[in-house]
Structures are given as C-alpha cells and as structure tokens.
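Asks:
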Amino acid sequence: MSRPCSIIRAECDELNTESIVEEDEFDPENLPPSKTRLKKDADALQQLGTDLLNLPETDWVKLALPDSLIDALGEMKRIHSRSALKRQRQFIGRLMRDVDPEPITRHFEQLRQKTRQQVQAHHALEEWRDRMIEEADTAIEAYLQENTDADRQHLRQLVRQARKERDQNKPPKSARVLFRYLRDAAE
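The sequence shown begins at 59 in this note's numbering and counts up one residue at a time.
#1: What's the gap between the Cα of residue 238 and the Cα of residue 175?
#2: Report yes if the C-beta distance between residue 143 and residue 111 is below 8 Å; otherwise report no.
#3: Here's the rule I'm using: 16 or more other beta-carbon atoms within 10 Å means buried, otherwise exposed. How should residue 148 be labelled?
#4: Are the beta-carbon atoms of residue 127 and residue 157 separated by less than 8 Å?
#5: Is the region 198-207 touching the region 224-231, taking contact as three or more C-beta pairs under 8 Å?
#6: Roughly how many angstroms lie between the CA atoms of residue 133 and residue 97, to the nearest whole one?
#7: Ordered along the chain, which non-local residues of its own chain (more than five positions away) have a Cβ less than 8 Å from that of residue 179?
#8: Have a look at residue 192 and residue 162 and give me their C-alpha separation to the nearest angstrom.
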C-alpha cells in the first residue's frame, strides 16, 4: 500500500513551508543561555570571588559582601591542600551567584585605574630625570616652573653628579638619588 509520489511531494512541500515560517519567527534572544555560556558565567563569578582574596579584608566589608562569603574567603586563606582549595573556590563561586558582581567589578576597575595612574606618574618622573641628565639647566628650569617647591641648588647638584657618573660609565647611583628626590618632591 504505497502512496503516490505526488502526494508525498505535496506533504514534503507543506512541511518545508511550515519550517520556513518557523525559521522566520525564530529569535535567538528568546533562547535560554547555552550550557557553555552558563559555565563561562559561573567560572567568571568564581574567578571574581577568588580575586577578592587579593584585596584586604577591610575592602570586603566596604563592598558589603555577605558574611558567608567573607567567612569562605577567610577560610580559603587558611587552606593549603590543593583539592581543598579547589572545593573552596567552587564554594565561593556558588556564593557569588547571590552577590551583585557590578560593585566588585567596579572596585577592581578603580584599583586598576589607580595603578595605571601611578605607573604614568612614575614614567613621567623617569622622563624628567633623563631629560635633566641630558639637557641639564634647561630641563631643570622647565621642571622648576612646574614644581616651584623644589630646591634649585640641590637639584643642580644631583644632576651634576648624575651626569658625571654617566660620563665616567659608573653605575647610576646619583641618577637613582635624583629620581627619589623628584618622586618625593612630587608627593
């Protein structure tokens, strides 16, 4: 009892047009997150929780973390066994699901920004030091216009010693002293 091919083709065409309609209505945003996405999100929360260990405990309180998470972080600091650390990390990740990660992420970004600013300031002082050693008086005058509190005579003496060491191919002890002076004057 076989059916004619034309009927089968007609049924197939109907199925194909129905699937086209369903494809047009398909919206990927309505799908639940994939297992991979859920795992990545859980790993990110776990890593964020583990990163909290690098902060002082006073920051934990400032971030208004739950007591259970603070206790778990404190416990993790005392654990030395590799497998126990892994379990504790997973436990912290589980506790992090109930915490809003936004303030924690913002706090870490502020710390990174502060570090970047410190590095930029350090590089700026190194540039001043190198410029003073190369150009001497012109660079010293330019520096003194920006930093009026600096001692001109002491600065010239440090630059003179650093230039002398550089010319004699000695270790840059005076250049380091000059840098420390510039750093202290900046603070």
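Every residue, glycine too, gets a C-beta built ideally from N, C-alpha and C.
Note that the structure is a prediction, hence the values are computed from the model and not measured.
Replies: Well, looking at it:
#1: Mapped onto the sequence shown, residue 238 falls at position 180. Mapped onto the sequence shown, residue 175 falls at position 117. The straight-line gap from Cα to Cα measures roughly 18 Å.
#2: Along the sequence shown, one-based indexing puts residue 143 at 85. Along the sequence shown, one-based indexing puts residue 111 at 53. No.
#3: Against the sequence shown, residue 148 aligns to sequence position 90. It counts as exposed.
#4: If you number the sequence shown from 1, residue 127 lands on position 69. If you number the sequence shown from 1, residue 157 lands on position 99. For residue 127 and residue 157, yes; Cβs fall inside 8 Å.
#5: Because the criterion of three Cβ pairs below 8 Å is not met, the region 198-207 and the region 224-231 do not touch.
#6: In the sequence shown, the residue the question calls residue 133 occupies position 75. In the sequence shown, the residue the question calls residue 97 occupies position 39. One C-alpha to the other measures close to 25 Å.
#7: Numbered from 1 along the sequence shown, position 121 holds the residue referred to as residue 179. Counting only Cβ-Cβ distances below 8 Å, and skipping sequence neighbours, we find 244.
#8: The residue given as residue 192 occupies position 134 in the sequence shown. The residue given as residue 162 occupies position 104 in the sequence shown. Rounded to the nearest angstrom, the gap between the Cα atoms of residue 192 and residue 162 is 45 Å.
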